[in-house]
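Chemist:
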RNA sequence: GCCGUUGUAGCUCAGUGGUAGAGCACUUCCUUGGUAAGGAAGAGGUCGUGAGUUCAAUCCUCAUCAACGGCUCCA
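This is how it looks when you write it as structure tokens:
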């Protein structure tokens, strides 16, 4: 009998009889592993533990502690969900049901049946009941004809459609209990592993992600091998909600929305404005240092400007509609981006190759008519301010300039403690080129330059097709919010198209006219979105140089209000932001209120402090720090908490 | 824009087919208190908006607006 050589993750290898299964291997390693094994990675593919292995391969056994194990677990859970749903609502049609980062979903067509939150509990109960049966997941190879026949008979048009695209010979079914699904696998050994089930919510989702298709019902759920883990997960979700920037924005009085002003149009309250202006100052300084020239351009521009840029053709009908004037036929658009304005600044005079690069920076407020359902707190709004800049440079300067921008973005992220970002290279969708303008050769060049620049700074990048802007590829810096949703913050884009459309030129050393290249870039992305993600990251406990209120001065009683007034005045003289709480309340109360407002420092003043010109320092979340002279406090504070450079 | 859920005081939320309630916040008074809520009184709501059913609607029906969870989109 032949043998196969199995290499374990630690590099050691063992021989097993051909046809050995993952379960056999797990058992041979330890009984404990056999009990918790969920799936096995064989030569880079994830398999069922029951599938025979017939050739030499490196393997890795997945348990609940591995991402791969969780995916298998949740994939199988999606099947149990489908089984439960079919048991309760016969005739339901199924779309797809994949595992996701946290749990799984299944797209289903329930016909005319309305499926709401009430139904979730019923299905959950049924899932638990079915899981307890310990049904095995059975893999079956089927011919395409047989598979089509099965789903046609069952009346499941979505599966039939999916099957059309599959090649005969590669099709497998999985069966557990009374449910059979078209599925590539893999699955956990049996349903018994699933002990805790929570169906989280119901949503609509277009079949195959296409707006023109029918909308199916998508049910999101998550399962665990232990009830306790489910409880911990739900608790974690609750905690994450406490950091939601919309909740904290209201509680800390940073920003607000008004139905009367209009949806997606944030109102910045005094405290939020301090935060925002601090960030602006920080960026202005960094940009001056990096050789940018600040400019200011108007909030509207004539329609012709956007016709030239190509934005009108692409977004015109889906935008805020043109502003008309008393003059017949005169139309202006609310500025949806700053680039065309900056192009016109470039054009105010002839440019020499010696002038380049020219870096024009503007905190430009723009307005975009986002679809109503897409608005989301401060992360997706209809009026927002970009920390925008456009670099006009020679083709030979593109990479160097791009790398400098990467450095600026990383400086910003480091200064604000964003460590977990993803650098995403956003490319064209090669299958849908009509969505983009410009020649292939220029696109290829731009895409190559971006990748090279990212490599030069050793960024770990993820390339995603179809995410490019319509005029060029991008390097996007993605950061997650409290609930794990990804948002694009910083973005850098190489653009050969707009210089073409605006006929931008410079005179080269050869005395000939040449076309510059444009780099669009915004390290924050937008102040609104950046602040939203910042709030969620620090849970409202901002870096002190950003805090709207850095210090609260709290007199023990009214008798010390005068001294407290002197203290707050001295702080203000030194550009330290703070407030005096001279309410007729006990000190415990004033402290509690300052703690709830997340004020980083509290200075408590009473009899002892007045006598010696001192302050009793209390730190947010850390309690009493003892007393120091006011001057020393100020000196130390300024030293420690000034704006990073 | 699409699917689902929600909308009651400044905030968090109860509640009922017979024109509304709590806690916190707010105002006034008492209290002058040393490191996370002192006490009392008071004021505050067209029950998102519009229509319909009803003797009567905050509650039932429909429409509409907004928010929330997704889908699609994101210059």
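In this note's numbering, the protein residues as written are 64 to 708.
Backbone N, C-alpha and C fix where the C-beta goes; we use that ideal spot for every residue, glycine too.
What do you reckon, are the CB atoms on residue 248 and residue 281 nearer than 8 Å?
Modeler: Indexing the first chain from 1 puts residue 248 at position 185. Indexing the first chain from 1 puts residue 281 at position 218. In this structure, residue 281 does not lie closer than 8 Å to residue 248 by Cβ.
Chemist: Rounded to the nearest angstrom, what separates residue 653 and residue 471 at their Cα positions?
Modeler: Position 590 of the first chain, counting from 1, holds the residue named residue 653. Position 408 of the first chain, counting from 1, holds the residue named residue 471. Whole-angstrom Cα-Cα distance: 41 Å.
Chemist: Which partner residues of residue 489 appear in the DSSP bridge assignment?
Modeler: The residue given as residue 489 occupies position 426 in the first chain. Answer is 527, 537.
Chemist: Restricting to runs no shorter than 4 residues, where is the alpha helix (DSSP H) found entirely within the region 199-225?
Modeler: Complete alpha helix (DSSP H) runs here, min 4: 207-217.
Chemist: Can you find the residues in the same chain that come closer than 6 Å, C-beta to C-beta, to residue 335, ignoring five residues on each side of it along the sequence?
Modeler: In the first chain, counting from the first residue as 1, residue 335 sits at position 272. Around residue 335: 317, 318.
Chemist: How about residue 542 and residue 596: are their beta carbons less than 8 Å apart?
Modeler: As a position in the first chain, residue 542 is number 479, starting the count at 1. As a position in the first chain, residue 596 is number 533, starting the count at 1. Contact flag set, yes.
Chemist: Report the option in 193, 200, 278, 125 whose CA atom is closest to the CA atom of residue 173.
Modeler: Translated into positions along the first chain, residue 173 becomes position 110. When each option's Cα is compared against that of residue 173, the closest is 278.
Chemist: Hey, is the region 572-585 in contact with the region 552-561, meaning 3+ C-beta pairs nearer than 8 Å?
Modeler: These segments touch.
Chemist: What residue from 702, 535, 69 has the CA that sits closest to residue 81's CA?
Modeler: In the first chain, the residue the question calls residue 81 occupies position 18. Here the closest residue by C-alpha is 69.
Chemist: What separation, rounded to the nearest whole angstrom, lies between the Cα atoms of residue 353 and residue 445?
Modeler: If you number the first chain from 1, residue 353 lands on position 290. If you number the first chain from 1, residue 445 lands on position 382. Between residue 353 and residue 445, the C-alpha separation is close to 30 Å.
Chemist: Spell out a yes or no on whether the region 641-651 and the region 609-620 are touching, meaning 3 or more CB-CB pairs, one atom from each, closer than 8 Å.
Modeler: These segments touch.
Chemist: With respect to the beta strand (DSSP E) encompassing residue 242, which residues constitute its N-terminal and C-terminal limits?
Modeler: Within the first chain, numbered from 1, the residue matching residue 242 stands at position 179. Start and end: 242-245.
Chemist: Taking the alpha-carbon positions, what's the residue 473 to residue 603 distance?
Modeler: For the purposes of this step, residue 473 is identified with residue 410 of the first chain, where counting begins at 1. For the purposes of this step, residue 603 is identified with residue 540 of the first chain, where counting begins at 1. Those two C-alpha atoms are separated by around 22 Å.
Chemist: Which runs of the beta strand (DSSP E) fall wholly inside the region 445-488 and span at least 3 residues, in chain order?
Modeler: The qualifying runs are 446-456.
Chemist: With distances taken Cα to Cα, identify the nearest neighbour of residue 563 among 502, 483, 532, 524.
Modeler: For this step, residue 563 is matched to residue 500 along the first chain. Residue 502 is the option with its Cα nearest to residue 563.
Chemist: For residue 721 versus residue 189, is the C-beta distance shorter than 8 Å?
Modeler: Residue 721 falls outside the range modelled here, since the chain spans only 64 to 708, and no answer is possible.
Chemist: How is residue 685 classed by DSSP in three states: helix, strand or coil?
Modeler: Within the first chain, residue 685 is the residue found at index 622, counting from 1. Note: residue 685 maps to coil in three-state DSSP.
Chemist: Is the Cβ-Cβ distance between residue 298 and residue 360 less than 8 Å?
Modeler: Residue numbering aside, residue 298 sits at position 235 when the first chain is read from its first letter. Residue numbering aside, residue 360 sits at position 297 when the first chain is read from its first letter. Taking 8 Å as the Cβ cut-off, residue 298 and residue 360 do not qualify as a contacting pair.
Chemist: Does DSSP put residue 359 in a helix, a strand or coil?
Modeler: Along the first chain, read from residue 1 onward, the residue named residue 359 stands at position 296. In this structure, residue 359 counts as coil in the three-state DSSP scheme.
Chemist: On the three-pair Cβ rule with 8 Å, is the region 371-389 touching the region 337-355?
Modeler: Contact between the region 371-389 and the region 337-355 is absent, because fewer than three Cβ pairs lie under 8 Å.
Chemist: Considering only residues of the same chain and omitting the five flanking positions on each side of residue 286, which have a CB-CB separation below 6 Å?
Modeler: Residue mapping note: residue 286 aligns to position 223 of the first chain, counting from 1. If we look at residue 286 and ignore the five residues flanking it on each side, its Cβ neighbours are 140, 257, 260.
Chemist: Does the distance from the C-beta atom of residue 448 to that of residue 428 stay below 8 Å?
Modeler: Taking the first residue of the first chain as position 1, residue 448 is located at position 385. Taking the first residue of the first chain as position 1, residue 428 is located at position 365. Closer than 8 Å, so yes.
Chemist: In the DSSP assignment, what are the bridge partners of residue 264?
Modeler: Residue 264 sits at position 201 when you count from the first residue of the first chain. DSSP lists 283 as partners of residue 264.
Chemist: Residue 440 and residue 308 - do their beta-carbons sit closer together than 8 Å?
Modeler: Translated into positions along the first chain, residue 308 becomes position 245. Translated into positions along the first chain, residue 440 becomes position 377. Yes, these two residues count as a Cβ contact at 8 Å.
Chemist: By Cβ distance, which residues of its chain are closer than 6 Å to residue 123, with the 5 residues on each side in sequence left out?
Modeler: Along the first chain, read from residue 1 onward, the residue named residue 123 stands at position 60. Here the set comprises 72, 104.
Chemist: Roughly how many angstroms separate the alpha carbons of residue 409 and residue 539, rounded to a whole number?
Modeler: As a position in the first chain, residue 409 is number 346, starting the count at 1. As a position in the first chain, residue 539 is number 476, starting the count at 1. Roughly 25 Å between the two C-alpha positions.
Chemist: Please state the DSSP three-state secondary structure of residue 187.
Modeler: Your numbering for residue 187 matches position 124 in the first chain. In this structure, residue 187 counts as helix in the three-state DSSP scheme.
Chemist: Once DSSP output is grouped into helix, strand and coil, what is the label at residue 711?
Modeler: With the chain running from 64 to 708 in the structure shown, residue 711 is simply not present.
Chemist: Shortest alpha-carbon distance to residue 76 belongs to which of 119, 83, 102?
Modeler: Start at 1 with the first residue of the first chain, and residue 76 comes out as number 13. Of the candidates 119, 83, 102, the one whose C-alpha sits nearest the C-alpha of residue 76 is 119.
Chemist: From the DSSP output, which residues share a beta bridge with residue 632?
Modeler: On the first chain, position 569 is the one that residue 632 refers to. In DSSP, residue 632 forms no bridge with anything.
Chemist: Give every residue of the same chain whose Cβ lies closer than 6 Å to the Cβ of residue 690, excluding the five residues on either side of it in the sequence, and list them in chain order.
Modeler: The count along the first chain starts at 1 and reaches residue 690 at position 627. Cβ within range, chain order: 677, 679.
Chemist: Can you check whether the CB of residue 311 is closer than 8 Å to the CB of residue 320?
Modeler: Against the first chain, residue 320 aligns to sequence position 257. Against the first chain, residue 311 aligns to sequence position 248. No, Cβ-Cβ distance for residue 320 and residue 311 is not below 8 Å.
Chemist: Once the 5 residues before and after residue 126 are set aside, which same chain residues still bring their CB inside 8 Å of it?
Modeler: As a position in the first chain, residue 126 is number 63, starting the count at 1. Result list for residue 126: 96, 99, 100, 101, 132, in chain order.
Chemist: To the nearest angstrom, how far is the alpha carbon of residue 85 from that of residue 455?
Modeler: For the purposes of this step, residue 85 is identified with residue 22 of the first chain, where counting begins at 1. For the purposes of this step, residue 455 is identified with residue 392 of the first chain, where counting begins at 1. Straight-line Cα distance between these residues: approximately 58 Å.
Chemist: Is the beta carbon of residue 138 sitting closer than 8 Å to the one on residue 167?
Modeler: Position 75 of the first chain, counted from the start, is the residue given in the question as residue 138. Position 104 of the first chain, counted from the start, is the residue given in the question as residue 167. Taking 8 Å as the Cβ cut-off, residue 138 and residue 167 qualify as a contacting pair.
Chemist: The alpha helix (DSSP H) spanning residue 695 covers which residue range?
Modeler: Reading the first chain from its first residue, position 632 is the one you call residue 695. Residue 695 -> alpha helix (DSSP H) spans 693-703.
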